[in-house]
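S.K.: Before we start, here is the structure in question, set down as structure tokens.
Numbering (full-length UniProt numbering), first residue to last: 1 to 392.
Shown next as structure tokens:
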């Protein structure tokens with residue numbers, strides 16, 4: 001069976017995009033123009049789906065002469081019916097109509113039933129292209145291409161399409177997440193930045209990232225420590241924040257991570273916390289913002305077992321003085337909110353310690369009590385030892 005997306009012969013089936021009317025408008029192929037009063041009409045120009053990259057390279061392709069087809073769009077019809085009519089009745093395409101979708105030409109935004117009624121007005125430009133599920137299959141395949149340029153371009157486009165449910169579901173079904181993780185593990189430069197941004201976009205969804213391995217989480221932590229570029233550190237930091245907050249107390253459907261899962265990876269990177277605190281003193285605003293955001297997330301979600309050591313680590317690094325200096329520099333609104341959050345957490349921790357019980361079996365507690373008693377220099381009274389120095 002011939003591939004319906006290959007470039008057709010001269011008299012073969014054609015795949016169409018919505019096109020423009022008139023050359024003086026400056027619009028090109030693959031675009032459509034809605035006009036004519038209250039009725040919405042579309043004009044179409046031909047275009048073709050050509051494999052990317054074409055194996056082997058094809059000679060330069062000269063498109064057929066441009067011509068126009070007029071189409072009236074009825075807002076009361078569903079997108080499915082509109083695409084069906086365009087593909088079967090107007091253009092007589094070989095592929096099933098379910099293999100196509102409509103997108104906004106300028107933004108590539110997928111057109112849905114809601115957007116047809118809410119967004120489409122006279123003068124809007126659209127195009128008909130492959131459906132999200134077909135694009136997901138092709139892009140998942142391109143991610144393992146031996147051509148680095150194909151991989152980089154595919155990862156760059158992922159950032160946009162992973163916001164669509166149909167694309168995401170098919171991408172996950174094709175093993176796309178595992179392929180994306182592998183690229184992050186070995187990637188460098190722009191490829192790594194694009195891959196991390198795509199991962200951040202994927203993690204905005206409420207499914208698909210439930211099973212990150214400890215080794216991959218360690219990779220994200222290592223990237224935060226070893227990389228300095230904002231476009232790499234920012235999405236990696238955002239991913240760790242999502243993992244820290246995805247615990248049993250989270251309102252998100254994903255509750256399989258939390259502080260303890262990430263903490264194990266943090267322990268393997270002794271320079272992790274010093275790196276975050278140091279970045280608060282740098283001039284790069286986004287690094288400051290995301291570093292403080294991650295510190296606050298760790299602070300708020302730290303387990304009882306690890307909280308004391310975490311706070312002690314911050315104090316040893318002079319975290320409170322760093323935040324105080326930032327407050328004096330008149331920070332931007334978002335950074336200011338994170339500073340207030342940090343101060344709120346400090347107050348909350350003080351109240352928690354004041355009202356919480358003391359486990360005298362812990363070595364650090366036993367040592368502190370001994371120092372208090374020795375410093376008090378009072379004589380022990382039977383049964384009243386700790387009340388003498390102020391304990392209830």
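Heads up, the beta-carbon is just placed ideally off N, CA and C, and yes, glycines get one too.
To which residues of the same chain is residue 78 closer than 6 Å at the C-beta, ignoring the five residues directly before and after it?
M.R.: Correct list, in chain order: 113.
S.K.: Work out the CA separation of residue 166 and residue 270 for me, nearest whole Å.
M.R.: Straight-line Cα distance between these residues: approximately 41 Å.
S.K.: If you compare alpha carbons, which of 200, 139, 323 and 192 is closest to residue 171?
M.R.: Cα-wise, what sits closest to residue 171 is 139.
S.K.: Looking at the structure shown, is residue 404 part of a helix, part of a strand, or coil, going by DSSP?
M.R.: No answer is possible for residue 404: it lies beyond the span of the chain, which begins at 1 and ends at 392.
S.K.: Could you name the residues of the same chain whose beta carbon sits closer than 7 Å to that of residue 230, not counting the 5 residues immediately before and after it, in chain order?
M.R.: Counting only Cβ-Cβ distances below 7 Å, and skipping sequence neighbours, we find 284, 286 and 287.
S.K.: Looking at residue 389 and residue 368, is the spacing between their C-beta atoms short of 7 Å?
M.R.: No, the Cβ-Cβ distance between residue 368 and residue 389 is not below 7 Å.
S.K.: Taking the alpha carbon of residue 273 as the point to measure from, which residue in 315, 208, 194 and 324 has its own alpha carbon closest?
M.R.: Ranking the options by Cα distance to residue 273, first place goes to 315.
S.K.: Compute the Euclidean distance between the alpha carbons of residue 360 and residue 209, then round it to the nearest angstrom.
M.R.: So the two alpha carbons sit approximately 41 Å from each other.
S.K.: Would you mind sorting residue 301 into buried or exposed? The rule is 16 or more other CB atoms within 10 Å of its CB.
M.R.: Buried, by the Cβ-count rule.
S.K.: With a cut-off of 8 Å on the beta carbons, I'd call residue 400 and residue 291 a contact; round off their distance for me.
M.R.: Residue 400 lies beyond the stretch modelled for the chain, which goes from 1 to 392, so this question has no answer here.
S.K.: Do residue 280 and residue 322 have their C-beta atoms closer together than 7 Å?
M.R.: Cβ distance < 7 Å, so residue 280 and residue 322 count as in contact.
S.K.: Does the Cβ-Cβ distance between residue 219 and residue 240 come in under 7 Å?
M.R.: No; because the gap between Cβ atoms is not below 7 Å, this pair is not in contact.
S.K.: Where does residue 129 fall in DSSP's three states?
M.R.: If DSSP states are grouped into helix, strand and coil, residue 129 belongs with the strands.
S.K.: If you pair each beta-carbon of the segment 122–134 with each one of the segment 99–113, do three or more pairs fall below 8 Å?
M.R.: Yes, the segment 122–134 is in contact with the segment 99–113.
S.K.: Would a C-beta distance cut-off of 7 Å place residue 156 and residue 181 closer than the cut-off?
M.R.: Contact: no.
S.K.: Helix, strand or coil: which one does DSSP assign to residue 279?
M.R.: Looking at residue 279 - three-state DSSP - the assignment turns out to be helix.
S.K.: Look at residue 162 and residue 201 and say whether their C-beta atoms are less than 7 Å apart.
M.R.: Going by C-beta atoms, residue 162 is nearer than 7 Å to residue 201.
S.K.: Please classify residue 229: does DSSP put it in a helix, a strand, or coil?
M.R.: If DSSP states are grouped into helix, strand and coil, residue 229 belongs with coil.
S.K.: Between which residues of its own chain and residue 225 is the CB-CB distance below 8 Å, once the five residues before and five after are set aside?
M.R.: Once the five neighbours on either side are set aside, the close Cβ partners of residue 225 are 269, 271, 272 and 275.
S.K.: Tell me whether the beta-carbon of residue 143 lies closer than 7 Å to the beta-carbon of residue 84.
M.R.: Their beta carbons are not under 7 Å apart, which means residue 143 does not touch residue 84 by this criterion.
S.K.: Which residue or residues does DSSP assign as beta-bridge partners of residue 393?
M.R.: Since the first residue of the chain shown is 1 and the last is 392, residue 393 is not available in this structure.
S.K.: For residue 244, collect the residues of the same chain with a Cβ closer than 8 Å to its Cβ; drop the 5 residues on either side in sequence, then sort them by chain order.
M.R.: Same-chain partners within the cutoff: 257, 258, 259, 262, 294, 297, 298 and 301.
S.K.: Just how far apart, CA to CA, sit residue 344 and residue 362?
M.R.: If I take the Cα positions, the gap works out to 27 Å.
S.K.: Cα-Cα, which of 151, 164, 211 and 110 is closest to residue 195?
M.R.: For the residues 151, 164, 211 and 110, the minimum Cα distance to residue 195 belongs to 151.
S.K.: From 348, 74, 192 and 153, pick the residue whose C-alpha is nearest to that of residue 311; which is it?
M.R.: Answer by Cα proximity: 348.
S.K.: Measuring alpha carbon to alpha carbon, tell me which of 391, 211, 328 and 320 ends up nearest residue 357.
M.R.: Per the Cα distances, 391.
S.K.: With residue 118 and residue 109 assumed to form a contact (beta carbons below 8 Å), what rounded beta-carbon distance in angstroms separates them?
M.R.: Actually they do not touch by this definition, with Cβ atoms about 12 Å apart.
S.K.: Give a yes or no on whether the C-beta atoms belonging to residue 116 and residue 81 are separated by under 7 Å.
M.R.: Cβ distance not < 7 Å, so residue 116 and residue 81 don't count as in contact.
S.K.: Count the other C-beta atoms from every protein chain shown that fall within 10 angstroms of the C-beta of residue 214, then say buried if there are 16 or more, exposed otherwise.
M.R.: That one is exposed.
S.K.: Identify every residue that forms a DSSP beta bridge with residue 110.
M.R.: DSSP output for residue 110 lists 103 as bridge partner(s).
S.K.: Taking only runs that begin and end inside the segment 141–217, name each unbroken alpha helix (DSSP H) of 4 or more residues, in chain order.
M.R.: The segment 141–217 contains these whole alpha helix (DSSP H) runs: 148–161, 165–173, 176–186 and 189–202.
S.K.: Under three-state DSSP, which class holds residue 93?
M.R.: DSSP places residue 93 in coil when its eight states are reduced to three.
S.K.: DSSP three-state label for residue 343, please.
M.R.: Note: residue 343 maps to helix in three-state DSSP.
S.K.: For residue 223 versus residue 193, is the C-beta spacing smaller than 7 Å?
M.R.: Contact flag unset, no.
S.K.: If you follow the alpha helix (DSSP H) that residue 322 is part of, which residue opens it and which one closes it?
M.R.: Run containing residue 322: 319–328, per the alpha helix (DSSP H) assignment.
S.K.: By alpha-carbon positions, which one of 278, 364 and 373 ends up nearest to residue 317?
M.R.: Ranking the options by Cα distance to residue 317, first place goes to 278.
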